Amino acid sequence: MTQQGEDHHHPTDDGGTRLSDEPRQGAAEAWDEKYGSKAQIWSGKPNPQLVREGAGLRPGRALDLGCGEGADAIWLAQQGWTVTAVDVSAVALERAATHERAALDRESVHAEGAGEIPSRIHWEQCDLDQWQPEGTYDLVSSQFLHGPQLVWQGPLRTAAAAVKPGGTLLIVGHHPDRLPPWGNHTKPEMFYTPMQLVEELGLDSPDWQLEVNTTRERVTNGPDGQEAVLGDTILRATRLA
């Protein structure tokens with residue numbers, strides 16, 4: 001269910017509002033319809049902010065909330081993480097598992113004599129408004145979790161609560177004041193600023209240390225090749241207790 005730009009999972013950047021015209025139906029059905037409309041929706045590349053912020057972290061257990069077609073989860077697994085990847089769309093998860101198997105097959109070819117490489121990802125389908133994690137994680141990542149039927153505060157509070165002491169919370173999303181000009185952005189409340197994340201998730205408490213809390217510019221291309229400079233809200237925090 002993740003939302004990104006062309007240089008992330010998206011083939012073209014619709015502003016990250018992946019279902020700006022989402023019909024009045026269940027979220028799972030709407031996202032299944034979206035994913036079923038094309039053989040592949042996103043680019044298959046991991047989000048660059050995840051790569052930038054996560055590259056120096058020591059691998060452990062990771063949660064990818066709103067994993068979409070799985071590029072972020074696959075990248076994390078390739079770095080040594082054991083990943084739980086959650087999304088509302090069964091179609092997206094089936095596609096993600098297929099992409100993972102292809103990636104593992106390529107690894108097997110390069111690692112001659114290693115045999116079949118086991119999966120490091122558990123794919124889980126659920127309604128993100130109701131989902132509750134099993135245990136805690138060394139890394140919880142949520143990349144562009146936006147949707148007209150999703151109230152982001154609840155799922156992201158659940159995500160923050162799933163970070164173990166010493167672990168990392170990484171949230172990336174579209175800044176409401178820096179959306180692309182070609183998107184149909186009828187619900188600005190879908191998006192968030194860095195300070196909104198801090199306030200809504202209670203990250204200004206002594207239990208958390210903010211490592212990154214900013215907006216970064218990103219150049220990307222729209223569906224017709226038009227170039228725009230977007231603003232990504234980025235929050236990385238360490239749970240102290």
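Each residue of the sequence shown is one higher than the last, beginning at 1 in the UniProt record's numbering. Using N, Cα and C, we set each Cβ at its ideal position, and we do this for glycine too. The structure presented is a predicted model; accordingly, all values stated were derived computationally and were not measured.
Beta-carbon separation (whole angstroms), residue i vs residue j, contact threshold 8 angstroms
| i | j | result |
| --- | --- | --- |
| S89 | W42 | The pair is not a contact, with the Cβ atoms about 12 angstroms apart (cut-off 8 angstroms). |
| residue 294 | T193 | Because the chain is modelled from 1 through 241, residue 294 falls outside the range shown and cannot be assessed. |
| A96 | G80 | The Cβ separation is near 19 angstroms, so there is no contact. |
| D138 | G173 | D138 to G173, Cβ: 22 angstroms. No contact. |
Coil, strand or helix - residue i by DSSP
| i | result |
| --- | --- |
| A55 | coil |
| V109 | helix |
| Q226 | coil |
| D87 | strand |
| A103 | helix |
| K34 | helix |
| T238 | strand |
| T233 | strand |
| L50 | helix |
| I121 | strand |
Proximity to residue i [Cα-Cα], best of the options
| i | options | result |
| --- | --- | --- |
| E211 | G56, A102, E100 | G56 |
| F144 | E199, L156, Y137 | L156 |
| A159 | R178, S108, W131 | W131 |
| F191 | G231, N221, R52 | G231 |
| H175 | P48, R216, S205, E33 | R216 |
| V140 | A228, P194, D87, L65 | L65 |
| E29 | P48, D127, R61 | D127 |
| S108 | G166, I117, G202 | I117 |
| E100 | V91, R178, Q78, Q226 | Q78 |
| R61 | V86, T82, D129, P223 | T82 |
| L169 | V151, D129, Y35, N213 | N213 |
| L104 | V86, P133, Q49, I74 | I74 |
| D129 | V86, A228, E189, Q49 | V86 |
| Q226 | Q125, W182, R178 | W182 |
With 16 other Cβ atoms within 10 Å as the buried cut-off, status of residue i
| i | result |
| --- | --- |
| G16 | Any reading at G16 needs caution, since the residue's pLDDT is 40, under 50, leaving its predicted position unreliable; the model's value is listed next. G16 is buried by the Cβ-count criterion. |
| N184 | exposed |
| G147 | buried |
| S142 | buried |
| L240 | exposed |
| A39 | exposed |
| E53 | buried |
Discussion item. Measuring CB atoms only, is the segment 194-209 touching the segment 117-126, in the sense that at least three cross pairs come out at less than 8 angstroms?
Written reply: no
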